[in-house]
Amino acid sequence: MDFFRKIRAIVWKDLTSEFRTKEMLSAMLIFAFLTIVIFVFAFDPSKALVKEVFPGIIWVSFIFAGILGLNRSFLTEKSNDCIMGLMLCPVDRSAIFFGKMIGNFIFMAIMEIISLPVFAVLFNYRIKFSAVAPLVIIIFLGTLGFIASGTFLAAMSSNTRNSEILLPIILFPLIVPVVLGAVQATAAILNGAPAADWLVWLKIIIAFDAIFLVVPLLLFEYVLEV
1 MDFFRKIRAI VWKDLTSEFR TKEMLSAMLI FAFLTIVIFV FAFDPSKALV
51 KEVFPGIIWV SFIFAGILGL NRSFLTEKSN DCIMGLMLCP VDRSAIFFGK
101 MIGNFIFMAI MEIISLPVFA VLFNYRIKFS AVAPLVIIIF LGTLGFIASG
151 TFLAAMSSNT RNSEILLPII LFPLIVPVVL GAVQATAAIL NGAPAADWLV
201 WLKIIIAFDA IFLVVPLLLF EYVLEV
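Heads up: the sequence shown runs through residues 1 to 226, numbered per our numbering.
This is the structure we're talking about:
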């Protein structure tokens, strides 16, 4: 229970700090909306092609907006020496990881909840009610994998001089499996394909999530001390 209480304290710290300034969340939302506008002008919403590219556009916007949040999650801690304070506290290093990860996940989820309906309206894309539940599952698990791996690598890259440039370089190749699985599963769900078509991709996403929820338990302590 003490472990989870420490995680909750770190999450609460991040939430109160962000909702006081709204810097990271507003930047993520603005970036997502700008991406939407660019794609609306690039693709005619009235054309059938939109149905094919819509899942990819969704995840491209989510990933690029999420990168902004991940970059700031540890840079703010470094600039204020908060990360040193966390390391001096009698808390397991994995609790720091999960606290930061959950905070990043919440910000990402808020951005997705707000931007996804805007996507659907601007692209004139009607999401069937039967697709909502499986779509939520895919977005939840896909986002979890992206945030888990991104938080781990953001902590690692924050110790470098050009961390804002380095994070996308090392993160993008790593998240190919989860992004590919999320895009393919989203496309299958929105196109009304049988469950078997997207369950295969769901298994890949779950495997990716499991890896990056376990690896930080073993390595995050060393990442912080580099």
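C-beta atoms are modelled at their ideal positions from N, C-alpha and C, and glycine is treated no differently.
Check: Going by DSSP in three states, Tyr-222 sits in which element: helix, strand or coil?; Outcome: helix
Check: Going by the CB atoms, is the gap between Thr-160 and Leu-166 shorter than 8 Å?; Outcome: yes
Check: According to DSSP, is Asp-14 part of a helix, a strand, or is it coil?; Outcome: helix
Check: Using the Cα positions of Val-40 and Lys-128, report the straight-line distance between them to the nearest angstrom.; Outcome: 21 Å
Check: Are the segment 91-108 and the segment 180-189 in contact at 8 Å, needing three or more beta carbon pairs?; Outcome: no
Check: Suppose you measure from the CA of Thr-16 to the CA of Val-53; what does that come to, to the nearest Å?; Outcome: 37 Å
Check: If I measure Cβ to Cβ from Phe-119 and keep anything under 8 Å in the same chain, skipping five residues before and after, which residues do I get?; Outcome: Ile-36, Phe-54, Ile-57, Ile-58, Ser-61 and Tyr-125
Check: Nearest CA to the CA of Leu-224: which residue from Cys-82, Lys-13 and Met-24?; Outcome: Cys-82
Check: According to DSSP, simplified to helix, strand and coil, what is Val-91?; Outcome: coil
Check: Taking the alpha-carbon positions, what's the Leu-144 to Ala-155 distance?; Outcome: 17 Å
Check: Starting from the Cα of Leu-219, find the closest Cα among Ala-95, Ile-30, Cys-89 and Leu-70 and give me that residue.; Outcome: Ala-95
Check: Report the residue from Thr-21, Ala-210 and Ile-138 whose alpha carbon sits nearest the alpha carbon of Val-197.; Outcome: Before going further, note that residue 197 is Asp rather than Val in the sequence given. Minimum Cα distance to Asp-197 is reached at Ile-138.
Check: Which first and last residues belong to the alpha helix (DSSP H) in which Ile-170 is found?; Outcome: 163-174
Check: So, for Glu-112: in the same chain, excluding its five sequence neighbours on each side, which residues have a beta-carbon less than 8 Å away from its beta-carbon?; Outcome: Phe-62, Ile-139 and Thr-143
Check: First and last residue of the alpha helix (DSSP H) that includes Thr-160?; Outcome: Neither: Thr-160 is in no alpha helix (DSSP H) and is coded neither H nor E.
Check: Buried or exposed: Asp-44, going by 16 or more other Cβ atoms within 10 Å of its Cβ?; Outcome: exposed
Check: For Ser-115, which of Leu-29, Asn-162, Ala-185 and Gly-150 has the nearest alpha-carbon?; Outcome: Leu-29
Check: Compute the distance between the beta-carbons of Ile-147 and Val-178, then report whether it is under 8 Å.; Outcome: no
Check: Would you decide whether Pro-173 is buried or exposed? Buried here means 16 or more other CB atoms lie within 10 Å of its CB.; Outcome: exposed
Check: Which residue from Lys-51, Val-11 and Gly-66 puts its Cα closest to that of Glu-164?; Outcome: Gly-66
Check: In this structure, how does DSSP classify Arg-5 when only helix, strand and coil are distinguished?; Outcome: helix
Check: Considering only residues of the same chain and omitting the five flanking positions on each side of Leu-68, which have a CB-CB separation below 8 Å?; Outcome: Met-24, Ala-27, Met-28 and Phe-31
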